[in-house]
Amino acid sequence: MASTPIKFISIFFLLLTTFAPQVLSVAPKECSTETGDCINKSKALTLKIIAVVSILVTSMIGVCLPLVTRSIPALSPERSLFVIVKSFASGIILATGFMHVLPDSFDMLSSQCLPEQPWHKFPFTGFVAMLSAIVTLMVDSLATSLYSQKHNGILPESVGGGHQELGVIGGGGHFHGHHHSGGIKEGAKGAQLLRYRVVAMVLELGIIVHSVVIGLSMGASNNTCTIKPLVAALCFHQMFEGMGLGGCILQANYKLFKKAAMAFFFAVTTPFGISLGIALSKAYKENSPTALITVGLLNASSAGLLIYMALVDLLSADFMGPKLQGSIKLQIKSYVAVLLGAGGMSLMAKWA
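Those letters in the sequence shown? Residues -25 to -1, 1 to 327, per mature numbering (1 follows the signal peptide of the UniProt record, and there is no 0), in order.
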């Protein structure tokens, strides 16, 4: 199980290195050049270096904040405040998929730089996002089943076996009933822990994909008018998205090394993408057909994954869970937090 997120990340970077040589192709003249007073290569490089440092710092703060505040009673996962903060962060992740990544994919795959056939005749963004959501569901479901079987069949044996024993001893034997009831509770806790771990890994995968893509586009651009507001927007985005991921990592109850590794990968992916964009800025043409297709499809797949994770594994799991179902007041507070997070991230779309 420890190697699963590393395998996911390795596969992604393998795909990235496979596509990278193709992305270097030169676009047609009418689509390839940036012009205007905002184009300044030296100033853009300075802004990119500032962006790498500031995004790295804010990303680390965001993802580590839930992890280091575990000792604070008010912010422990069992408290209401943790649920509200997590709802706020989930709203940000949902808005990232709907308001940032998905529209970018639509723009890229409907660009005039692409040939009419087939890119303007078929909605590839929606199609790929839909497939990505279905694949995420498959990974989510199959990983949970495989992990439960690996851990001595927590789901099918403990819960199912517990019900069978309770039916047999229903006529007497208080001690045995209590014993098997405890076994059922332990099995349920184990099953929930596995779910938290699957959610944390799949969410990290989706965030890594779109973070590298965003960083690559920013690093390759020399438009200072675009980069300046984007730095502030990405710092806000990475901090609160990191809080959402950090909350999931905290609930997954990983050991220290794995927590540190997941936090590290989250924090460095956008700076890595910016650095890669700077290195490839002479050859990378963001309006070349190959770049538009590759980045557009990656954005679409990332959007489908993030939207699924935000709605199904984060918001739905919490709002339909016993803690929120047991308190209308807490539900209302959490809904307000979701709307604030999604609304704030939606406003960022104006500058990003």
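Note that CB positions come from ideal geometry on N, CA and C, so glycine has one too.
Remember, it's a predicted structure, so these values are computed and weren't measured experimentally.
Between the CA atoms of residue j and residue i - distance to the nearest angstrom
i: Lys4; j: Leu77; result: Below a pLDDT of 50, predicted positions are generally treated as unreliable, and Lys4, at 44, falls in that range; no measurement from the model is reported.
i: Leu231; j: Val103; result: 36 Å
i: Phe97; j: Glu91; result: 10 Å
i: Gly190; j: Ile25; result: 13 Å
i: Met193; j: Met218; result: 23 Å
i: Phe215; j: Tyr171; result: 19 Å
i: Val60; j: Pro204; result: 26 Å
i: Gln294; j: Glu179; result: The identity of residue 294 in the sequence shown is Phe, whereas the question assumes Gln. If you take the alpha carbons of Phe294 and Glu179, they lie about 22 Å apart.
i: Ala70; j: Gly316; result: 8 Å
i: Tyr259; j: Val311; result: 42 Å
i: Lys16; j: Ile249; result: 14 Å
i: Lys234; j: Ile224; result: 7 Å
i: Ile282; j: Leu272; result: 15 Å
i: Ala236; j: Pro41; result: 15 Å
i: Gly319; j: Lys325; result: 11 Å
i: residue 353; j: Val177; result: Residue 353 lies beyond the stretch modelled for the chain, which goes from -25 to 327, so this question has no answer here.
i: Ile47; j: Ser86; result: 50 Å
i: Pro(-5); j: Ile183; result: In this prediction, Pro(-5) has a pLDDT of 42, which is less than 50 and means its spatial position is unreliable; nothing more can be read from the coordinates.
i: Val(-3); j: Lys125; result: Its pLDDT being 43, under 50, Val(-3) is placed unreliably in this model, and the value from its coordinates should be taken loosely. Roughly 41 Å separates the two Cα atoms.
i: Ser256; j: Lys164; result: 50 Å
i: His95; j: Val270; result: 17 Å
i: Gly148; j: Val110; result: Because Gly148 carries a pLDDT of 49, less than 50, the predicted location of this residue cannot be relied on, and no value is offered for it.
i: Val27; j: Thr201; result: 16 Å
i: Ala118; j: Gly101; result: 25 Å
i: residue 329; j: Leu251; result: This structure does not reach residue 329, given that the chain is present from -25 up to 327, and the question cannot be answered.
i: Leu112; j: Val206; result: 33 Å
i: Tyr229; j: Leu20; result: 38 Å
Beta-carbon gap between residue i and residue j smaller than 7 Å
i: Asn274; j: Ser80; result: yes
i: Ser309; j: Ser62; result: yes
i: Leu305; j: Leu314; result: no
i: residue 366; j: Ser291; result: Within the shown structure, residues of the chain are numbered from -25 to 327, placing residue 366 beyond reach of any answer.
i: Ser65; j: Ala227; result: no
i: Ile253; j: Lys23; result: yes
i: Asp288; j: Val188; result: no
i: Leu84; j: Phe73; result: no
i: Phe241; j: Val38; result: yes
i: Asn198; j: Ile14; result: yes
i: Ser123; j: Leu169; result: yes
i: residue 348; j: Glu261; result: Only positions -25 to 327 of the chain appear in the structure, and residue 348 is not among them; the question remains open.
Proximity winner among the options, relative to residue i (alpha-carbon distances)
i: Thr244; options: Ile14, Ser34, Ser17; result: Ser34
i: Leu32; options: Leu251, Pro246, Tyr229, Cys13; result: Per the sequence shown, residue 32 should be read as Val rather than Leu. Of the candidates Leu251, Pro246, Tyr229, Cys13, the one whose C-alpha sits nearest the C-alpha of Val32 is Pro246.
i: Ser302; options: Val27, Leu40, Ser55; result: Ser55
i: Ala166; options: Leu121, Lys257, Val206; result: Leu121
i: Phe211; options: Leu267, Met237, Met323; result: Met323
i: Ile268; options: Thr201, Ile183, Asp82; result: Asp82
i: Pro93; options: Leu209, Pro264, Leu251; result: Pro264
i: Ile307; options: Val28, Val58, Gly101; result: Val58
i: Ile36; options: Thr201, Val27, Ala238, Val206; result: Ala238
i: Pro297; options: Val27, Ile30, Val28, Glu53; result: Glu53
i: His75; options: Val27, Ile202, Leu220, Ser186; result: Ser186
i: Gly279; options: Met105, Val27, Val28; result: Met105
i: Ser51; options: Leu251, Val27, Gly221, Val270; result: Gly221
i: Ile30; options: Leu251, Gln213, Leu117, Tyr229; result: Gln213
i: Ala266; options: Val27, Cys88, Leu20, Thr21; result: Cys88
Three-state class that DSSP yields for residue i in the structure shown
i: Ile14; result: strand
i: His149; result: A caution first: His149 carries a pLDDT of 49, below 50, which makes its placement in the model too unreliable to give a value.
i: Ala2; result: Note that Ala2 scores 44 on pLDDT, short of 50, meaning its location in the model is unreliable and no value can be drawn from it.
*asked:* Please give me, in chain order, every unbroken run of the alpha helix (DSSP H) with length at least 4 that falls completely inside the stretch 248 to 303.
replied: 264 to 283, 297 to 300
Just to confirm the assignment: which complete alpha helix (DSSP H) runs, minimum length 4, are found wholly within the stretch 47 to 82? 55 to 70
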